[in-house]
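Before any comments, here is the structure.
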Amino acid sequence: MDVQRAIDRVPPEIMHEILAQTVVAVSPQAAHADVPWYLGQISTSWRRAALNTGVLWAGIGVDERRYCPKAMEERLKRSGYVLLNVIFAYGHNARDRDVLEMLVREAARWEAATLELTPGDFNAVAGVRGKLGRLHYLSLTVGDFEEYTQTANQTNPFEICPQLRDLVIGGLEGLRHPLVLPFEQLEHLHAPWDATLPDLVLGRTPNLHSVSLVWTLQYPRLGAATTPLRLPLLQRLEIEHRQCPLNSNSLDLLDRVNLPQLVYLSVTRPASADPFVRLVARGGVRALRTLRIVGVTRETPETLRGVLNAAPTTSRLELCFTPYSRRGDGVLAGLTVCADVEDTTGPNVESLLLELQRGTFDETAAVNMIESRFRTGATRTCVRLKDVKVVANTLKTRSQKILKKLENEGLKVGLDVKIA
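In UniProt numbering, the protein residues as written are 1 to 420.
Written out as C-alpha cells, the structure reads:
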C-alpha cells in the first residue's frame with residue numbers, strides 16, 4: 001500500500017512521461033498492441049493518467065488486431081492531437097474499410113505509416129493526398145490478389161509529402177500505373193530490385209544517405225544502361241539476394257555509381273569481387289569503414305580479399321555465417337595471421353563481428369583467427385585487433401575460456417551465446 005500511495009503522489013506530468021517511456025521500452029510495436037489498456041488497469045490513478053496520455057494511443061495498428069469503427073473512434077479520441085503511427089494491413093471486410101476511412105480523415109496527423117493494401121484499399125486512401133504534411137516515414141505495399149477484382153485507380157495520394165524522408169517499398173503488383181513519390185527529398189530507401197529501379201528511382205534521389213536493395217529475380221540484370229547515377233551523400237549501401245549469390249550481372253549497378261561518402265557496405269553472398277574492385281579503382285569509394293558479408297560461399301575468401309585490398313580504409317569486418325552458408329573455413333583461414341605469410345587479408349581491420357551458425361564454421365579456426373590477429377601486435381602486415389563480438393547458437397567452454405583470457409589481456413570481447 002505504501003508503494004501505491006507513493007505512486008499516487010507522483011505529479012501527473014511525470015506519470016504521463018513514465019507511461020509514454022514504458023510503451024517505448026516494451027517494444028517499438030507496443031503502442032499498437034494492448035499495452036495502453038493494460039497500463040490503465042493497474043490502479044485508478046494509472047487509469048486516469050493513461051486516459052490522458054495521448055501518446056499511448058497514437059499507435060494505430062490494424063493488422064492481427066482488428067478494430068470495430070466504435071473502438072477506433074475511441075482510440076483516436078484518446079490520442080488527442082498527438083502525431084499518429086499508423087499500421088494497416090489488408091482490409092478484409094466493410095468494417096475494416098470503415099476503419100481505414102476513419103484513419104484517412106486523420107491524415108494530417110500521420111507521422112509514420114505502414115500500409116499493406118489491396119487495390120480497393122489503395123483507392124480508399126486517395127483522400128490523404130495533400131494532407132500528409134507531417135508524414136516522415138512510409139512503408140507501402142499494394143498486393144495483387146485474385147479474390148479482389150477491383151483495380152487500383154490511377155491516383156498518386158503520396159505525391160505531396162513535404163516531410164517524407166524514409167521510404168520502404170514492398171511489392172506494388174496491385175498497381176497498374178507508375179507510383180509518383182517525392183523521390184528527390186528522400187534520405188533512406190528500402191526497395192525490391194529490378195531492371196527499372198536505377199533510372200526510375202535512384203536516378204532521382206540525390207539526397208539519399210542509406211539504400212537497402214533486395215534482389216527478387218533469379219538472374220537479375222540491369223541491361224545496357226550506362227547513365228551515371230549520382231549519389232554523392234550515400235553513406236550506407238545494403239544489397240541482398242534471396243535466391244542465388246550476387247554475380248557480376250546483379251551488381252552492374254556498381255559500375256554506374258560513384259559513392260565518395262560510402263562508409264558501410266553490406267552484401268549477401270557475393271560471388272565476385274570484380275564490381276567492388278572496379279568501383280574502388282576508379283575512385284568511386286574513398287572512405288569505406290565497415291564491410292558486412294551475409295552468407296559464405298566458396299567464392300567468399302577471394303571476394304573478401306579483393307574488396308579489403310581495394311579498400312584499405314576498411315577497419316571493421318562483419319561476417320554472418322548463415323545456415324545456408326558453405327563451411328567458412330576458407331574465410332577464417334584467409335583472415336588468420338601467419339608468421340610465414342607476408343600478406344594478410346584485411347590488414348587494417350581492427351574490429352570484428354562474427355555471427356556463427358552451428359555446422360557452418362570451424363569453431364577452433366574462428367578462435368585461432370581472433371587470437372592471431374590480437375597477438376600480432378602492430379606489424380607491417382596487420383594492425384592489432386581491438387575488439388570482437390561473437391554471436392553464436394553454441395560455443396564450447398574451451399573457446400569461451402580462450403576469449404576470456406584474451407579479454408583479460410586487453411582485447412574487448414562481446415559474447416552473445418544462446419547455449420554455452
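Positions of the beta carbon are idealized from the N, C-alpha and C atoms, including for glycine.
Mind checking residue i: buried by the 16 CB within 10 Å criterion, or exposed?
| i | result |
| --- | --- |
| Cys68 | exposed |
| Ala58 | buried |
| Ser43 | exposed |
| Leu51 | exposed |
| Glu371 | buried |
| Leu19 | buried |
| Met15 | buried |
| Thr381 | exposed |
| Arg221 | Because Arg221 carries a pLDDT of 48, less than 50, the predicted location of this residue cannot be relied on, and the following value inherits that uncertainty. The residue is exposed, with fewer than 16 neighbouring Cβ atoms inside 10 Å. |
| Glu409 | exposed |
| Pro11 | exposed |
| Pro275 | buried |
| Glu13 | exposed |
| Ala273 | buried |
| Glu240 | buried |
If I'm right that residue i touches residue j with Cβ under 8 Å, what's the distance once you round it to whole angstroms?
| i | j | result |
| --- | --- | --- |
| Leu181 | Leu202 | Wrong, their Cβ atoms sit about 13 Å apart, outside the cutoff. |
| Leu132 | Ile160 | 7 Å |
| His111 | His136 | The sequence as given places Glu at residue 111; His does not occur at that position. Right, their Cβ atoms sit about 6 Å apart. |
| Ala126 | Asn153 | 7 Å |
| Ala89 | Val62 | 7 Å |
| Leu231 | Leu254 | Going by Cβ atoms, the distance from Leu231 to Leu254 rounds to 11 Å, so no, they are not a contact pair. |
| Asp416 | Val391 | 4 Å |
| Met369 | Thr336 | 4 Å |
| Val383 | Glu350 | 5 Å |
| Leu84 | Ile60 | 6 Å |
Among the options, which one has its Cα closest to the Cα of residue i?
| i | options | result |
| --- | --- | --- |
| Leu164 | Glu238, Pro178, Thr205 and Asp144 | Thr205 |
| Val277 | Thr303, Ile42 and Ser266 | Thr303 |
| Lys405 | Asn393, Arg384, Val367 and Val383 | Val367 |
| Thr141 | Phe183, Gly80, Leu175 and Met102 | Leu175 |
| Asn93 | Val388, Ile14 and Asp121 | Asp121 |
| Pro192 | Glu173, Arg9 and Ile169 | Ile169 |
| Leu213 | Ala392, Gln261 and Leu265 | Leu265 |
| Asp144 | Leu403, Val263 and Glu173 | Glu173 |
| Leu308 | Phe321, Gly295, Val331 and Thr322 | Val331 |
| Lys386 | Pro36, Leu84, Glu13 and Asn348 | Asn348 |
| Glu101 | Tyr81, Leu84, Ala124 and Ser79 | Ala124 |
| Ala311 | Arg9, Leu291, Thr53 and Gln21 | Leu291 |
| Glu318 | Leu279, Glu238 and Thr397 | Glu238 |
Alpha carbon to alpha carbon, what distance is there between residue j and residue i?
| i | j | result |
| --- | --- | --- |
| Trp215 | Thr268 | 10 Å |
| Val362 | Val285 | It is worth fixing the name first, because residue 362 is Asp in this sequence and not Val. Taking the straight line joining both Cα atoms gives about 33 Å. |
| Gly334 | Pro301 | 7 Å |
| Ser210 | Leu411 | 31 Å |
| Arg305 | Lys418 | 31 Å |
| Thr118 | Leu138 | 16 Å |
| Leu352 | Pro178 | 43 Å |
| Glu17 | Val86 | 21 Å |
| Leu233 | Ile293 | 22 Å |
| Arg97 | Val104 | 10 Å |
| Gln357 | Arg48 | 49 Å |
| Ser315 | Trp46 | 50 Å |
| Arg129 | Thr155 | 9 Å |
| Leu186 | Pro162 | 10 Å |
| Val99 | Arg134 | 21 Å |
| Cys338 | Thr364 | 16 Å |
| Gly171 | Glu116 | 9 Å |
| Leu395 | Glu355 | 12 Å |
| Thr151 | Phe158 | 18 Å |
| Val296 | Pro228 | 31 Å |
| Thr345 | Leu208 | 31 Å |
| Arg236 | Arg109 | 30 Å |
| Ala281 | Val257 | 13 Å |
| Leu403 | Thr376 | 16 Å |
| Gln261 | Leu288 | 8 Å |
| Thr53 | Gly414 | 39 Å |
| residue 423 | Thr313 | Beyond the ends of the chain as shown, which are 1 and 420, falls residue 423; an answer cannot be given. |
| Lys401 | Asn393 | 17 Å |
| residue 443 | Phe321 | Lying outside 1 to 420, the shown extent of the chain, residue 443 is not represented and no answer is given. |
Counting only C-beta atoms, is residue i closer than 8 Å to chain C at any point?
| i | result |
| --- | --- |
| Thr141 | No chain C is part of this structure, which consists of one protein chain only. |
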